[in-house]
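Start counting the sequence shown at 397; every next residue gets the next number (my numbering). Reviewing the structure listed below.
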Amino acid sequence: YMGAPFRRECRETRALRDGRGDVKAAQGRRREKQRRRRCPRTAMPLFDLQNQLGLNLDRWMLRLSSKQPFQQPSVCHTFEQEWLECSGGIGMTRAKEECRLEAEDLEECMTKRKMMQRVRAILKQRDLMIKEGKYTPPTHQND
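This is the structure:
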């Protein structure tokens, strides 16, 4: 026991003490860290592991938020962003109920399930009308 509790120094503090590094930059980084501790991102869990480790796993885990070629966002990016804004910080249980519309929009954009059901219904109706003789397709579609 040395009379004082052990205290870890951050890299900026050591650099300043040793005469290396930019004082203003170190102070700015320190203020930014303090601000992050006071105002964490909208995180619901008891401890925000992503923020503590300095990682952004959402960017890796989400399909559409990754870097896109030619800086063009993906087709469903807006739906994903709306869903994230709605569900962020409220927890999965509340998000399932409160953000149902955004989740359904995102799912439809990615899977196109409802659109394919409509296309199948239209084709089924067309085939039925052809069988009944009420509709004859144009000649270029007979191939």
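We put the CB at the ideal spot given by N, CA and C, even for glycine.
When the distance is taken between beta carbons, is residue j closer than 8 angstroms to residue i?
i: C482; j: E494; result: yes
i: M506; j: C472; result: yes
Could you tell me the alpha carbon to alpha carbon distance between residue i and residue j, rounded to whole angstroms?
i: D520; j: G487; result: This sequence places Lys at residue 520; Asp is not what is there. Roughly 42 angstroms separates the two Cα atoms.
i: D523; j: E504; result: 26 angstroms
i: I356; j: L449; result: Residue 356 is absent from the structure shown; the chain starts at 397 and stops at 539.
i: Q477; j: R516; result: 30 angstroms
i: K508; j: T535; result: 30 angstroms
i: R434; j: G484; result: Caution is warranted here: a pLDDT of 46 is assigned to R434, below 50, making its placement in the model unreliable, and no coordinate value can be reported.
i: R490; j: S470; result: 27 angstroms
i: R514; j: F475; result: 21 angstroms
i: K510; j: W479; result: 19 angstroms
i: P533; j: M525; result: 10 angstroms
At a threshold of 7 angstroms, does residue i count as lining the ligand SAH (C-beta to nearest heavy atom)?
i: E500; result: This structure lacks the ligand SAH; in fact it carries no ligand of any kind.
Exercise. With contact counted as at least three CB pairs below 8 angstroms, one residue from each stretch, are the region 496–504 and the region 514–529 in contact?
Worked result: Not touching, per the Cβ criterion.
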